[in-house]
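What follows is one structure encoded as structure tokens, with my remarks underneath.
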Amino acid sequence: MGNKQTIFTAQQLDAYQMICNPTLKVNVLDRPRLFYRYRDLAPQLVPLDYTNHPDVKLPYELIGSMPELKDNPFRQRIAEVFSEDGEGNMTLDDFLDMFSVLSEMAPRDLKAYYAFKIYDFNDDDFICKSDLEKTLNKLTRNELTEDEVKMVCEKVIDEADLDNDGRLSLEDFQHMINRAPDFLR
Amino acid sequence: MSSASELVVGSSRSLLAAKRHRTVRKNSRRIYSAYRDHQQGSSDEEGGDDKEVDSNDPEEMFQNIQYQKEIIANIRSRPWPMRRKLKVLKQAREIVLKYEGQLTRTRGYQTAGADLLKKLYRVLYNIVVTFIPWEVRIKKIESHFGSGVASYFIFLRWLFGINIVLTIMTGSFVVLPELLAGAPFGTTRSKTIPKEHLASAQDLDTIWSLGGYLQYSVLFYGYYGSVRKIGSAGYRLPLAYFLVGMAVFAYSFIILLRKMAKNSRLSLVSASDENFTFCWRVFCAWDYLIGNPEAAECKGAAIVNNIREAIVEEQEKKKDTSLAVLISLRILANILVLLSLAGSIYIIYFVVDRSQKLEQEKPELTLWEKNEVSVVVSLITMIAPSAFELVAQLEMYHPRTSLRFQLARVLVLYLGNLYSLIIALLDKVNSMSSTPHESSSNWTNTSSTISSLSAQVPRISVSEHRNSTMATISTAINFVHNRSSLVIAYNQTIPFEKNARSQQDQCWETYVGQEMLKLSIIDMIFTVASILLIDFIRGLVVRYLSDCCCWDLESKFPEYGEFKIAENVLHLIYNQGMIWMGAFFSPCLPAFNVLKLIGLMYLRSWAVLTCNVPHQQVFRASRSNNFYLAMLLFMLFLCMLPTIFAIVRYRPSEHCGPFSGQEKIYDIISDTVASDFPLWFSKVMSYVTSPVVVLPAVLLLFMLIYYLQAIARSLKFTNNQLRIQLQTERTEDKKKVFQMAAARLQTPEASADKNPDQQESDIPSHEASIHTSSSQQNGSVTNVQSPINHSDSIRTITQSASGADLNEGHVSESVRRPAVIVLPKHQVEPLPNRPRHFIGGQSGSCRSKSCHHMAYNPPSGLSNAIHTDPLYRKTIRSLHPVEAAGIIAAQNYGGRRGPTTRYVIVNEHRPRRKLLCSATRIPRHYLMEEPTEILELYPRNIKHYTPRTNPQHPPRSHTSQQLRKEEEETGKDRKRTSLGKSLRPCSLPDHHQQAHFYIGERLDSFRESQRARNEIQKDDEEEAGKEGVDWGDFNLPSPSQASIKEKVCFHTQRHPVHSPRRQHQSPTRSRHMGSQLKPKLRGQLETHLTESDSASIASSSDQQNSSTDQYIQVIHSKERHLGSDVRQEKVSKKKTKANFDINYTESNDLICSNV
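Chains as they are written, first to last, in the working numbering: chain P, 2 to 186; chain L, 356 to 1510.
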């Protein structure tokens, strides 16, 4: 990668490698590749030189159209959670962050934490019924009837709510999700 | 005077204490910081911390460096935004670099070297990772179809890896030596194609049926020479052959078991029997790897189905359906399945038998006849699963159950096929190898000569029948001719002839190997065909003909082929079973399987990507799922059995293969031991294998097994015990979480005040401490009031009030409030079980009270009125100067005690939580405090009440306790009892403290009391009317019982008025008098109440559940109040007035706004 140096300094690259969980297990070309992924979303916006930390943000519309996300019902939430401004507009750092967490090498707890944030639509640190309803509706594309949604919400809270406050805290969520057979790295 | 000296001592003490706290805190921060960072993730103190440590102590420096390194190592797993990570990383690195250089130069070099190594390792790892086969392909599939489908390919890849190893084993130890050093092709009889066959040896037909050149090649057992040592190095090929054959099984077993153990370790967590059906279906439903709109749609539909299913299941749980029709249908289905299984087994057996007969009867077999067996087997394996699926629809099971049934049936079918095949084959082998055994009596002499005779003897006169039998190896025609002639000539020797022929012509090992290889090939062909036909063509048709068809092909009848993960995985297992079965007889079978798997990989992945849709009901086969592996293990075991059986049971062929001439195959071992090892070794071996050793060894093994089983059982038992313990812990934890929630509700905003709080706690300034405490109170007030929209909040207010009343008004108060009212209210409160006893009950009583108030007071004043009224009542009664003095003390106690206990709880609670949930979101204000800081908080809080109350009535404290006991007995309410108990430990430390502050106390208290008295009088005047109402209230709701009790209580109460027990009884009241000079005091009262409430809840619950908790609490308070009580008392004396004034106004405003 001849132009690796021009995009990032060696330190930057190294730091990124230290910080991020490797994605796709192929790490050598990983950072620059992710960078190109980022840049390809909007070549006109993103400069090729990142040595002096330019302040560039890609709007959510571009992020959400990535093949990794475009079919995900929670894409907007994911973008919002990982973006620093909370509106889905992402800097390169946010972008890398997202891939780092979604990487299959990322530790379980980290994933659980972010999963919780993703499902916590109103950012109140609890998954309450409204969050659950939103989750369900996104997941099922509004195919469930209202009663069904209601019942499922009640059931979910009934199952996972340890402290009986009618909503799921992060502890509840982790407790539940860590026992899920499918929640694996 | 002495008070002054006390003060000095006290202040110095507190200074000391503060200092100590600070150091403790520093250390603890260093120790716990890793945890903390990991947990909260949002604290920004990190940076500050890093710079903070500047000392030159090498030990400390080293620790710091270690700590920083830890940060660096853990940084990946922290939920921080990237920018923060970068910053922290940079800082940590700088520090490490800086200090490490300072520490020693060599260490610097070391780290530099380590860094370099690490980098190198990373590069190497990356390179290695790049070579993981099909990683990208699998990822692509994963992105299109989700992890379920990908798991199939990962499984395939894993099998591929195993087969590679098997291939290497057989290739390098058996095939290669034979090729390099063994006798070349055509030199011995077993390596030469008989003349008669030579002509057709290159025919496609022959090759196809693995005859001709293939039959006499390294592919099969028969080719390998039986020479003990080959080559110049003296490679013992027969021995190697046997050992490798066994090693194949051993390796497979080991690798499988290891994988399973690893997986089970992984999935241990998920093995718990907790049920989160709905949660998992909601939160774990989406496959985040899906990146294809079609797959996404499928997944969405599947999720909807899934959830609906769960709902239906949930509904059907309530009603049990026992439909005779359904049951009969299921029985029918099972009969059908059994029939088809039996049928398939019979067909296979029949086909093998027929082929055997055909072979003997017909000189030329057609292509069909040659491949009949394997084709039939493959056909059955292809068709039967679909039939089972159809049958399964009859049963109307839940999809998951039906899938399980399906899998089990298919597995049984596969096994049945393989077994019937191998049994039929062995049957044939039996007829091949056992008859010559009988007749070998006439044979043995000549057999050696026969074997030595080469195949070059082409023509043998018919007359010499032994020679002719040898010659029959050559061609079928010749043989037929021979036989016919023989039949004519020697009628009685026909079987003998036959056997002789078969013995020389084919060795049964080769035959079995051929069959297995043939089966494998045919299976491959069928797989390819089915992929092409069923998936590809169907896909093409559906895609391109759907326009010109009258119905929608894509969604109605043919649809696209589904990728059935479970069945495909089963097929892989079946395939692997064939390999294991045949590997001993055909050393190249693993190699062939490797090729097959590669082909399958590409074909399948292509087919999946082009023309498949994911299965609707995804059988969750995550990587840690041991289900498939268990099946594979089962398969391995069952496939090993026939091989072992054949090895043990049958005599190896006389004229081919590495073991020719031996009685049994495994004799090679004893032969080798006898001939090639030194004498002592064989002696030792003979001893070892003698029954004298073997029997005890077996016994020992049995004992070992028994012992291990016993251990396993006991472990299981412990496991259960631990689980039970965990459950109780969890219920306790639930309760604590609830308490946290309650505390949070009261003081979410107090969190803001806590930072200053902590800082000030370090500084021994009295002003600050008082101020903070008051500010805390304010905060809590606002919080109690603010979340009015929550139903919870109101409840907590009431609860708190009642709790406080119980505490402060002491038993008299609580008794007066009839317990009868309390109980029925329990159910109303959606609180966790245990706390409900305390909180619910109290709140219930309080509620009832509040209702009455509602009647009399405007709703705005509701909660205030509730809590204040009992207090006023008391104030009237107790207008004693001494008491007033005590009141101040009590006020302090009352005000502060709440926070104290609460923090104690938090403190002991947190570590436990850490254990339970690794990363946390603890309410913000808790996050900000370190455990140590919490410790710092409560000395301040506790000390007040201790010194002050006691000095005034030191001798009474005992009596007060007695009184309390009596009251408890009368009350009979369990909750109250626990409350009383919980209070007692607090009062104990008081006794120790009395002497110190006696004088000072007096003076202060006296002053205060005077002022207070004035206030009280004012209060009384103001509230007189209201009080009257309140009194009435109390009587109204309570049953006659309660009113009686009330009276009793009044009497009892009068005694305690003078006693130090007042501390419990009258904190609120004292607050009135000491500080709350204005009518606004209500707000303040409330804040205190709420705090003390939480304290009471906490302490009471602690009391009940674990005596240790209580104990801890006591100890803490003891430790702390020694140091810091003095300054507090001073504070209270001087500053209370001003501060409280401020507070009242503030709090009141807040309340008003909220209301």
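Cβ atoms here follow ideal geometry from the backbone N, Cα and C, with glycine treated the same way. No experiment lies behind these values; they were computed from the predicted model shown.
Quick check: what's the CA-CA separation for residue i versus residue j?
i	j	result
residue 936(L)	residue 597(L)	15 Å
residue 491(L)	residue 957(L)	12 Å
residue 1476(L)	residue 87(P)	Residue confidence for residue 1476(L) is low, a pLDDT of 44 falling below 50, so the modelled location carries little weight; the figure read from the coordinates is stated next. The straight-line gap from Cα to Cα measures roughly 47 Å.
residue 1480(L)	residue 415(L)	Its pLDDT being 44, under 50, residue 1480(L) is placed unreliably in this model, and the value from its coordinates should be taken loosely. Cα-Cα distance, rounded: 33 Å.
residue 704(L)	residue 767(L)	16 Å
residue 933(L)	residue 892(L)	29 Å
residue 480(L)	residue 488(L)	15 Å
residue 170(P)	residue 636(L)	18 Å
residue 779(L)	residue 749(L)	33 Å
residue 40(P)	residue 1081(L)	50 Å
residue 601(L)	residue 100(P)	47 Å
residue 1342(L)	residue 1097(L)	Confidence at residue 1342(L) is low in this model, with a pLDDT of 38, below 50, so the placement of that residue should be treated as unreliable; the coordinate-derived value is given next. Approximately 26 Å between the Cα atoms of the pair.
residue 1468(L)	residue 1078(L)	Any reading at residue 1468(L) must be qualified, since the residue scores a pLDDT of 39, below 50, and its modelled position is unreliable; the value itself is stated next. The straight-line gap from Cα to Cα measures roughly 28 Å.
residue 507(L)	residue 920(L)	6 Å
residue 993(L)	residue 476(L)	42 Å
residue 1072(L)	residue 38(P)	54 Å
residue 129(P)	residue 471(L)	49 Å
residue 659(L)	residue 139(P)	11 Å
residue 988(L)	residue 1003(L)	22 Å
Since residue i and residue j should fall inside the 8 Å C-beta cutoff, what is the C-beta to C-beta distance between them, to a whole number of angstroms?
i	j	result
residue 1033(L)	residue 522(L)	At roughly 35 Å, the Cβ-Cβ gap does not stay under 8 Å, so residue 1033(L) and residue 522(L) are not in contact.
residue 599(L)	residue 524(L)	6 Å
residue 865(L)	residue 940(L)	7 Å
residue 862(L)	residue 1008(L)	3 Å
residue 963(L)	residue 496(L)	6 Å
residue 1(P)	residue 131(P)	This structure leaves residue 1(P) out entirely; chain P is present only between 2 and 186.
residue 633(L)	residue 157(P)	5 Å
Please return the same chain residues whose Cβ sits closer than 6 Å to the Cβ of residue i, not counting the five positions on each side in sequence.
i	result
residue 175(P)	113
residue 995(L)	604
residue 493(L)	505 and 508
residue 662(L)	636
Hey, quick one: how far does the alpha helix (DSSP H) through residue i stretch, first residue to last?
i	result
residue 1032(L)	Premise fails: residue 1032(L) is in no alpha helix (DSSP H) and is neither H nor E.
residue 939(L)	Looking at the DSSP string, residue 939(L) is not in any alpha helix (DSSP H), and its letter there is neither H nor E.
residue 152(P)	147-161
residue 704(L)	679-716
residue 946(L)	944-966
residue 60(P)	Taken as a continuous stretch (DSSP letters only), residue 60(P) belongs to no alpha helix (DSSP H), as it is neither H nor E.
residue 111(P)	109-120
residue 579(L)	No alpha helix (DSSP H) holds residue 579(L); DSSP gives it neither H nor E.
residue 131(P)	130-141
Residue range of the beta strand (DSSP E) that residue i falls in?
i	result
residue 1000(L)	Unbroken run through residue 1000(L) is the alpha helix (DSSP H), 982-1004; no beta strand (DSSP E).
residue 917(L)	916-918
Ordered along the chain, which non-local residues of its own chain (more than five positions away) have a Cβ less than 7 Å from that of residue i?
i	result
residue 967(L)	890, 915, 916, 917 and 918
residue 1070(L)	none
Using a Cβ-Cβ cut-off of 8 Å (strictly less than) and excluding sequence neighbours within five positions of residue i, which residues of its own chain qualify?
i	result
residue 951(L)	875, 879 and 930
residue 82(P)	115, 118 and 119
residue 71(P)	65
residue 981(L)	615, 618, 619 and 622
Q.
Check whether the stretch 576-595 of chain L and the stretch 1005-1019 of chain L are in contact - that is, three or more C-beta pairs closer than 8 Å.
A. yes
**Q.** Cβ contact (3+ pairs, closer than 8 Å) linking the stretch 113-129 of chain P and the stretch 40-47 of chain P
**A.** no
Q) Using 8 Å as the Cβ pair cut-off and three pairs as the minimum, do the stretch 556-567 of chain L and the stretch 527-535 of chain L touch? A) The stretch 527-535 of chain L and the stretch 556-567 of chain L do not touch, with fewer than three beta-carbon pairs separated by less than 8 Å.
Q: Examine the Cβ distances between the stretch 679-688 of chain L and the stretch 162-173 of chain P and report whether three or more of them are shorter than 8 Å.
A: The stretch 679-688 of chain L is not in contact with the stretch 162-173 of chain P.
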